[in-house]
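**Student:** If you read the sequence shown in this note's numbering, its first letter stands for residue -9, the second for the next number, and so on.
C-beta atoms are modelled at their ideal positions from N, C-alpha and C, and glycine is treated no differently.
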Amino acid sequence: MGHDPVVLSLAGDVMTGRGIDQVLGQPGDARLQERTGASARTYVELAEAVNGPIPAPVEQAWPWGDALSVLDEADPDVRVINLETSVTRSDDFEPGKAVHYRMHPANVDCVTAGRPDACVLANNHTLDFGVRGLRETLTTLAGAGLEVAGAGHDAVDAHRPAVVHSKGPRVLIWSVATETSGTPTSWAPSAERPGVAVLPDESPATAADLGAQVRQHKGPGDLAVVSIHWGSNWGYRVPHAQVRFAHRLVDAGVDVVYGHSSHHPRPVEIYRDRLILYGCGDLINDYEGIGGNERYRDDLRLLYLVTLDAARGELEHLRMVPLQARRFRLEHATPADADWLRKTMADISPTLRTNGNYWSLKPRKVSTRAED
């Protein structure tokens, strides 16, 4: 007897710290240790200079904006986000880092407003405020009822997958990072020290080790998602090493490779009927008004809705919904902006198909023509 398909919502970087934290109901300490500014309020001012006043204090759900109605309409079985923020009052700034992200724990409802089932934490900002900050982050998220993967109180905890029970199969979610994303290997946990799951490299041996972990935990009927924080912030080219790494994970039994770190979407691939997202881009951040990379249109965001065959883990459908950040809030992208993003994604991922104001990708019907 077959199962109904399983729908996952996957989001790129959710960065609710720094400027966004400052407009929420309980802003934390605004002090920064950045060359470009000493206060998180600077990022609020930059955003307001571009798109107008932000009515602070805003409701906790404000940054999600129109993404909430998209999620309500899609009603995914499992929701996953890459939470790229330390949730803490710690002032233990990580030495040598140019950027630090923290959100006051009293604002954790800003995260839960998107109703994530799991937060992946293996990224280059989870330990921005030291071990004390990580411990408070883990405690706060647990208190909010959120499953986490990719960070923990010790090595076993950090490498353990989050387990989410969908309407059909279990969905197991691993979270790892590589040094290419700016995640220091010194952040790796030990038997006694908290940390995040940082891979030593992107070699075949490391892929084999991670694949072995997946096979160890994945039971009959389970679906496996591996979240990888990797690569540079800008640019569409995916290094061959990352392509080979993703393929090896699929060969080992992974059903979805869920990559992120870049501030804009990167290519999408289907390999052996499995979905590989090389870079989901950002979903929520405080980057409005920061210049220098306008050609990538990082104000445009994608929310990924992934439909999988529950029995085999094969991709049945991928829907990508275009959104735009304005005043720290997600809005539906205008038709012109959505079309720009559609064309860009089609250029870098030629298996995409257009369908109205979103895009779909189906492995056995490959075309770049508009659907009727």
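Are the CB atoms of residue 202 and residue 234 nearer to each other than 9 Å?
**Tutor:** No, the Cβ-Cβ distance between residue 202 and residue 234 is not below 9 Å.
**Student:** List the whole-angstrom C-beta distance separating residue 144 from residue 112, where the pair is believed to meet the contact cut-off of C-beta under 8 Å.
**Tutor:** Contact flag wrong, Cβ pair sits at about 15 Å.
**Student:** Does residue 98 come out as helix, strand or coil in the three-state DSSP assignment?
**Tutor:** Here residue 98 sits in coil by DSSP.
**Student:** Note down, in chain order, each residue of its chain lying with its Cβ closer than 6 Å to the Cβ of residue 245, except the 5 sequence neighbours on either side.
**Tutor:** So the qualifying residues of the chain are 213, 214, 264 and 303.
**Student:** Quick check: what's the CA-CA separation for residue 154 versus residue 220?
**Tutor:** Looking at the two C-alpha atoms, the distance is approximately 24 Å.
**Student:** Keeping to the same chain, check which residues put their C-beta closer than 6 Å to that of residue 124; ignore five residues upstream and five downstream.
**Tutor:** For residue 124, where only same-chain residues beyond five positions count, the Cβ hits under 6 Å are 117 and 184.
**Student:** May I ask which residues mark the beginning and end of the beta strand (DSSP E) holding residue 330?
**Tutor:** Not the beta strand (DSSP E): residue 330 falls in the alpha helix (DSSP H), residues 325 to 338.
**Student:** How should residue 54 be labelled, buried or exposed, when 16 other C-beta atoms within 10 angstroms of its C-beta is the threshold for buried?
**Tutor:** By the neighbour-count rule (16 or more Cβ atoms within 10 Å), residue 54 is buried.
**Student:** When burial is assigned at 16 or more other CB atoms within 10 Å of the CB, is residue 107 buried or exposed?
**Tutor:** Flag for residue 107 reads buried.
**Student:** With distances taken between CB atoms, is the gap from residue 12 to residue 96 smaller than 9 Å?
**Tutor:** It is not a contact, given that the beta carbons lie outside the stated cut-off.
**Student:** Which class does residue 221 belong to by DSSP, given the choice of helix, strand or coil?
**Tutor:** Residue state, collapsed to three classes: coil.
**Student:** Of the residues 332, 260, 312 and 178, which one's Cα is nearest the Cα of residue 2?
**Tutor:** Checked all of 332, 260, 312 and 178; the closest Cα to residue 2 is 312.
**Student:** Between the stretch 59 to 72 and the stretch 328 to 338, can you find at least three pairs of beta-carbon atoms closer than 8 Å?
**Tutor:** No, because fewer than three Cβ pairs between the stretch 328 to 338 and the stretch 59 to 72 fall closer than 8 Å, the two stretches do not touch.
**Student:** With a cut-off of 8 Å, do at least 3 Cβ pairs link the stretch 21 to 40 to the stretch 243 to 262?
**Tutor:** Flag = no, the stretch 21 to 40 and the stretch 243 to 262 do not touch.
**Student:** May I have a chain-ordered list of the beta strand (DSSP E) segments no shorter than 3 residues that lie completely inside the stretch 248 to 302?
**Tutor:** Fully enclosed beta strand (DSSP E) runs of 3 or longer: 258 to 261, 264 to 267, 272 to 274 and 290 to 298.
**Student:** Apart from the five residues just before and just after residue 188, which ones in its own chain have a Cβ nearer than 8 Å to its Cβ?
**Tutor:** 112, 166, 167, 168, 169, 173, 174, 175, 177 and 178.
**Student:** Taking residue 130 as the reference, give the member of 99, 51, 38 and 251 with the closest Cα.
**Tutor:** Per the Cα distances, 99.
**Student:** Tell me which same chain residues have a C-beta within less than 6 Å of the C-beta of residue 122, skipping the five on either side of it?
**Tutor:** Contacts found: 80 and 82.
**Student:** Go ahead and pull the three-state DSSP assignment for residue 188.
**Tutor:** Strand at residue 188.
**Student:** Count the other CB atoms, across all protein chains shown, that sit within 10 Å of the CB of residue 339; report buried if there are 16 or more and exposed otherwise.
**Tutor:** By the neighbour-count rule (16 or more Cβ atoms within 10 Å), residue 339 is buried.
**Student:** Verify whether the separation of the beta carbon atoms of residue 90 and residue 14 is less than 9 Å.
**Tutor:** It is not a contact, given that the beta carbons lie outside the stated cut-off.
**Student:** Does residue 41 come out as helix, strand or coil in the three-state DSSP assignment?
**Tutor:** Here residue 41 sits in helix by DSSP.
**Student:** I'd like to know whether the C-beta atoms of residue 286 and residue 270 end up nearer to each other than 9 Å.
**Tutor:** No.
**Student:** Could you pull the DSSP bridge partners for residue 314 from this structure?
**Tutor:** Answer is 290 and 321, bridged to residue 314.
**Student:** Looking at the unbroken beta strand (DSSP E) that takes in residue 0, where does it start and where does it end?
**Tutor:** Residues -4 to 4.
**Student:** Can you list, in chain order, the residues of its chain whose CB lies under 6 Å from that of residue 51, leaving out five sequence neighbours each side?
**Tutor:** Correct list, in chain order: 103.
**Student:** Taking only the alpha-carbon atoms, compute the straight-line gap between residue 29 and residue 305 and give it to the nearest angstrom.
**Tutor:** Rounded to whole angstroms, residue 29 to residue 305 spans 44 Å at the Cα level.
**Student:** DSSP on residue 27, reduced to helix/strand/coil?
**Tutor:** It is a strand residue.
**Student:** What is the DSSP secondary structure of residue 172, reduced to helix, strand or coil?
**Tutor:** Three-state DSSP puts residue 172 in coil, outside helix and strand.
**Student:** Buried or exposed for residue 227, going by 16 or more other Cβ atoms inside 10 Å?
**Tutor:** With fewer than 16 Cβ atoms within 10 Å of its Cβ, residue 227 is classed as exposed.
**Student:** Which residue or residues does DSSP assign as beta-bridge partners of residue 60?
**Tutor:** For residue 60, which the question treats as bridged, DSSP gives no partner whatsoever.
**Student:** To the nearest angstrom, how far is it from the Cα of residue 324 to the Cα of residue 224?
**Tutor:** Distance between the alpha carbons of residue 324 and residue 224 is about 23 Å.
**Student:** Note down, in chain order, each residue of its chain lying with its Cβ closer than 7 Å to the Cβ of residue 346, except the 5 sequence neighbours on either side.
**Tutor:** Per-residue confidence for residue 346 stands at a pLDDT of 41, beneath the threshold of 50, marking its modelled position as unreliable; the derived number appears in the next sentence. The answer is none, since no qualifying residue turns up.
**Student:** Would you tell me roughly how many angstroms separate the C-alpha atoms of residue 336 and residue 276, rounded to the nearest one?
**Tutor:** If I take the Cα positions, the gap works out to 27 Å.
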